[in-house]
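Chemist: All you need for this note's numbering is the position in the sequence shown, starting with 1, plus 3.
One structure coming up, written as structure tokens, with questions to follow.
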Amino acid sequence: MGVTTEFLDAAAVIAERSTAPLLFHWPMPGNLGGLLKFATFAEWRDFVLQFGLRDGIPDIVKAKFDRAHKLHVLAWVDPDLLKAGEQVALTTLELALKDRYGHKVRDKRGNIRFANALRYMVESDGLTDDQVPMNRRCGPPSTVVGRLTGDVRPSLADMRNDLAHGYPFDGLPHSGLLELVRDLIEYAYRDMIGAAVGLIPHQNSASELPSESADSEPMREF
């Protein structure tokens with residue numbers, strides 16, 4: 004089930020108990036660790052909802068991504084839910100890449116490693132930094148390719164493993180992870196999206212995102 008109106012209405016009732024603004028790091032043009040301030044649940048809800056998947060992607064992938072989406076929405080009530088949302092987002096990306104590239108990266112034992120599928124996107128399926136909408140929105144020095152190939156640590160595979168296996172020293176969210184996962188899933192399924200609705204790029208821009216807080220500080224950067 005997607006992020007329905009009923010779900011959002013129920014979340015809004017809970018959110019009325021939360022009065023303090025939410026400060027959240029997200030990549031912004033010129034500052035990959037930009038600090039955004041959300042004064043109301045409606046502001047946070049609208050921010051998160053823009054990172055949904057387009058039509059044409061298999062239902063099972065969309066269903067898993069919807070869970071990550073919901074957890075991010077509910078993080079207004081408890082920011083700890085962001086980490087749960089990130090874990091679900093990364094496992095959704097893993098599912099999508101197994102579907103699209105599994106037959107290309109399967110080893111002799113039949114195993115499909117997430118790290119190999121990520122690397123395949125760059126080395127064999129033509130992914131470049133310029134083809135990632137988040138990079139185009141933020142401009143230099145935004146780059147993510149190294150996080151896929153493993154040349155930059157932690158890689159996306161490292162992040163997934165840390166979340167799945169109880170790494171004890173990672174308590175902060177990764178700036179922009181949900182947006183990046185959305186972009187990578189849509190790249191992997193770009194032909195199916197094109198067949199369904201046409202290859203229309205996301206129109207996210209700095210003007211659609213909240214204004215950056217004046218006390219912005221760097222956080223984790225992709």
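C-beta atoms are modelled at their ideal positions from N, C-alpha and C, and glycine is treated no differently.
Nothing here was measured: the structure is a model prediction, and the numbers come from that model.
Could you name the residues of the same chain whose beta carbon sits closer than 7 Å to that of G59, not counting the 5 residues immediately before and after it, in chain order?
Modeler: For the purposes of this step, residue 59 is taken as residue 56 along the sequence shown, with counting starting at 1. So the qualifying residues of the chain are Y192, M195, I196, A198, A199 and V200.
Chemist: Is F54 helix, strand or coil by DSSP?
Modeler: Against the sequence shown, residue 54 aligns to sequence position 51. Coil at F54, not helix or strand.
Chemist: Which residues mark the beginning and the end of the alpha helix (DSSP H) in which K40 is found?
Modeler: For the purposes of this step, residue 40 is identified with residue 37 of the sequence shown, where counting begins at 1. Where K40 is concerned, there is no enclosing alpha helix (DSSP H), although the beta strand (DSSP E) it sits in stretches over L38 to F41.
Chemist: How many angstroms separate the CA atom of H205 from the CA atom of Y190?
Modeler: As a position in the sequence shown, residue 205 is number 202, starting the count at 1. As a position in the sequence shown, residue 190 is number 187, starting the count at 1. Confidence at H205 is low in this model, with a pLDDT of 48, below 50, so its placement is unreliable and the value that follows should be read with caution. So the two alpha carbons sit approximately 12 Å from each other.
Chemist: Note the first and the last residue of the continuous beta strand (DSSP E) segment covering P28.
Modeler: Indexing the sequence shown from 1 puts residue 28 at position 25. Correcting the residue identity first, residue 28 is His in this sequence and not Pro. Unbroken beta strand (DSSP E) run through H28: L25 to H28.
Chemist: When the Cα atoms are used, what is the spatial distance from T146 to L181?
Modeler: Taking the first residue of the sequence shown as 1, we reach residue 146 at position 143. Taking the first residue of the sequence shown as 1, we reach residue 181 at position 178. The straight-line gap from Cα to Cα measures roughly 15 Å.
Chemist: Under 8 Å: do the segment 72-87 and the segment 20-35 share three or more Cβ pairs, one atom per stretch?
Modeler: yes
Chemist: Where does N34 fall in DSSP's three states?
Modeler: For the purposes of this step, residue 34 is identified with residue 31 of the sequence shown, where counting begins at 1. DSSP places N34 in strand when its eight states are reduced to three.
Chemist: Sorted by chain position, which residues of the same chain lie with C-beta nearer than 6 Å to A99's C-beta, five sequence neighbours on each side aside?
Modeler: Working through the sequence shown from its first residue, we reach residue 99 at position 96. Taken in chain order, the residues that qualify are V64, I188 and A191.
Chemist: Measuring alpha carbon to alpha carbon, tell me which of F68, K73, M31 and W29 ends up nearest D12.
Modeler: In the sequence shown, the residue the question calls residue 12 occupies position 9. D12 has its Cα closest to that of K73, out of F68, K73, M31 and W29.
Chemist: For K111, is the classification buried or exposed, using 16 other Cβ atoms within 10 angstroms of its Cβ as the cut-off for buried?
Modeler: The residue you call residue 111 lines up with position 108 of the sequence shown. With fewer than 16 other Cβ atoms within 10 Å, it is exposed.
Chemist: To which residues of the same chain is G33 closer than 8 Å at the C-beta, ignoring the five residues directly before and after it?
Modeler: Mapped onto the sequence shown, residue 33 falls at position 30. Cβ neighbours of G33 beyond the five flanking positions: C141 and G142.
Chemist: Excluding the 5 residues preceding and the 5 following G149 in the sequence, name in chain order all residues of the same chain whose CB lies nearer than 7 Å to its CB.
Modeler: Here residue 149 is taken as the residue at index 146 of the sequence shown, counted from 1. Only V155 meet the Cβ criterion.
Chemist: Helix, strand or coil: how does DSSP classify L136 here?
Modeler: Counting from one through the sequence shown, the residue named residue 136 turns up at place 133. Reading off the sequence, residue 136 comes out as Pro, not Leu. DSSP places P136 in helix when its eight states are reduced to three.
Chemist: Note down the Cα distance separating K86 from S127, rounded to an integer number of angstroms.
Modeler: For this step, residue 86 is matched to residue 83 along the sequence shown. For this step, residue 127 is matched to residue 124 along the sequence shown. Approximately 31 Å between the Cα atoms of the pair.
Chemist: Just to confirm my understanding: we take Y123, look at its own chain, exclude 5 residues before and 5 after, and list those with CB closer than 7 Å. What are they?
Modeler: Reading the sequence shown from its first residue, position 120 is the one you call residue 123. Close CB contacts of Y123 within its chain, under the 7 Å cut and outside five residues either way in sequence, are with Y104, K107 and V108 (chain order).
Chemist: Which first and last residues belong to the alpha helix (DSSP H) in which Y104 is found?
Modeler: The residue you call residue 104 lines up with position 101 of the sequence shown. Counting along the chain, the alpha helix (DSSP H) containing Y104 begins and ends at L84 to V108.
Chemist: Suppose the cutoff is 6 Å on Cβ atoms and the five residues either side in sequence are ignored; what does the same chain contact list for A209 look like?
Modeler: Counting from one through the sequence shown, the residue named residue 209 turns up at place 206. Here the model assigns A209 a pLDDT of 36, short of 50, so the residue's position is not dependable and the matter cannot be decided.
Chemist: Rounded to whole angstroms, what is the Cα-Cα separation between Y46 and V135?
Modeler: Counting from 1 along the sequence shown, the entry for residue 46 is found at position 43. Counting from 1 along the sequence shown, the entry for residue 135 is found at position 132. A quick correction: the sequence has Glu, not Tyr, at residue 46. When rounded, the distance between both Cα atoms is 25 Å.
Chemist: Excluding the five sequence neighbours on either side, which residues of its own chain have a C-beta within less than 6 Å of the C-beta of D186, listed in chain order?
Modeler: Looking up residue 186 in the sequence shown gives position 183. Closer than 6 Å at the Cβ level, and outside the excluded window around D186, lie V135, P136 and M137.
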